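Trainee: Got a structure for you, questions after.
In the numbering used here, the protein residues as written are 2 to 49.
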C-alpha cells in the first residue's frame, strides 16, 4: 500500500525549486484566509 504521508527527505537530498515551495506557501495562506473569512461571515449571518 502506498504511504499517504511522505516521510521527511533524506539528508543531503535536493530541495524542490523555490518557486514551487513559495507557491505552496502562498496557496496555503490564501486558503487559510478564505476559510477564516467564510467561517466569520457564516457566524455573522447566524448572529443577525
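Ideal Cβ positions, reconstructed from N, Cα and C, are used throughout, including at glycine. Please read all numbers here as calculations on a predicted model, not as lab measurements.
Look at the alpha carbon of residue 18 and the alpha carbon of residue 25, and state the distance between them as a whole number of angstroms.
Mentor: Between residue 18 and residue 25, the C-alpha separation is close to 11 Å.
Trainee: Would you kindly work out how many angstroms separate the C-alpha atoms of residue 28 and residue 49, rounded to a whole number?
Mentor: Going by the C-alpha atoms only, they are around 32 Å apart.
Trainee: Could you spell out the range, first to last residue, of the alpha helix (DSSP H) harbouring residue 14?
Mentor: Here residue 14 belongs to no alpha helix (DSSP H), and DSSP marks it neither H nor E.
Trainee: When you compare only the Cα positions, how much space is there between residue 23 and residue 42?
Mentor: Going from the Cα of residue 23 to the Cα of residue 42 covers about 28 Å.
Trainee: Out of curiosity, what's the CA-to-CA distance linking residue 33 and residue 40?
Mentor: Computed Cα separation, rounded: 11 Å.
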